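J.:
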């Protein structure tokens with residue numbers, strides 16, 4: 008049961024977990040993309056997305072609130088000036104998590120976590136794949152059932168004809184034996 012487990016504790020005490028998420032946040036803001044474990048990436052998304060939402064307003068109060076989480080002046084400046092400007096039209100979902108193959112040493116699930124608006128290659132490839140793909144349509148269920156019923160009737164007619172042919176053959180062979 009999940010009683011009292013609001014978020015993933017990542018196998019760390021509270022201070023260690025906060026420091027880990029703070030450092031991952033600073034790295035994500037600085038590099039726009041980082042490679043980490045899947046559990047840390049999911050925890051980081053929950054940690055960072057509200058900070059980006061606060062940064063979009065740009066008020067002094069929100070700047071101080073975000074500073075209480077990050078405590079890095081360069082990261083705050085980049086978040087409020089660069090990232091907030093790029094994400095101002097996006098209503099949420101600022102971060103993308105892409106699963107990677109498991110780490111060889113310990114088999115941990117790895118993931119690439121990145122800011123959505125900063126990966127033009129990924130966005131361009133998705134746009135190309137959406138343009139090139141064709142929409143597939145299903146047939147209506149009614150037409151399939153009608154055809155299936157017609158097919159069953161045709162099969163029964165064929166079998167009746169086949170039975171008649173066999174009976175005729177049996178009668179013909181019986182008459183030949185009598186002669």
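In the numbering used here, the protein residues as written are 8 to 186.
Beta carbons: idealized from backbone N, C-alpha and C, even for Gly.
Note that the structure is a prediction, hence the values are computed from the model and not measured.
(1) Tell me, please, whether the segment 79–93 touches the segment 106–121 by the rule of three or more beta-carbon pairs shorter than 8 Å.
(2) Hey, quick one: how far does the beta strand (DSSP E) through residue 95 stretch, first residue to last?
(3) Using 8 Å as the limit for Cβ to Cβ distance, is residue 50 near chain B?
(4) Going by CA-CA distance only, name the one from 76, 56, 41 and 62 that's closest to residue 105.
(5) Residues in the same chain with beta-carbon distance under 7 Å from residue 39, minus the five sequence neighbours each way, listed in chain order, please.
(6) Considering only C-alpha positions, which residue in the set 81, 9 and 88 is nearest to residue 33?
(7) What are the uninterrupted segments assigned as beta strand (DSSP E) that are 3 or more residues long and contained completely in the segment 32–91, given in chain order?
(8) On the criterion of 16 or more Cβ atoms from any shown chain inside 10 Å, does residue 20 qualify as buried, or is it exposed?
(9) Report the rounded CA-to-CA distance for residue 76 versus residue 146, giving the unit in angstroms.
(10) DSSP three-state call for residue 28: helix, strand or coil?
(11) Here's the rule I'm using: 16 or more other beta-carbon atoms within 10 Å means buried, otherwise exposed. How should residue 54 be labelled?
T.: This is what the structure gives:
(1) Cβ pair count under 8 Å is below three, so no.
(2) Residue 95 -> no beta strand (DSSP E), and no H or E assigned at all.
(3) The chain labelled as chain B is not found in the depicted structure, where only one protein chain is given.
(4) Here the closest residue by C-alpha is 41.
(5) Closer than 7 Å at the Cβ level, and outside the excluded window around residue 39, lie 121, 122 and 125.
(6) The candidate whose alpha carbon is nearest that of residue 33 is 81.
(7) Along the length of the segment 32–91, whole beta strand (DSSP E) runs at least 3 residues long occupy 40–44, reported in chain order.
(8) Residue 20 should be labelled exposed.
(9) Answer to the nearest angstrom: the Cα atoms are 54 Å apart.
(10) Helix at residue 28.
(11) Counting the other Cβ atoms within 10 Å of the Cβ of residue 54 gives 16 or more, which makes it buried.
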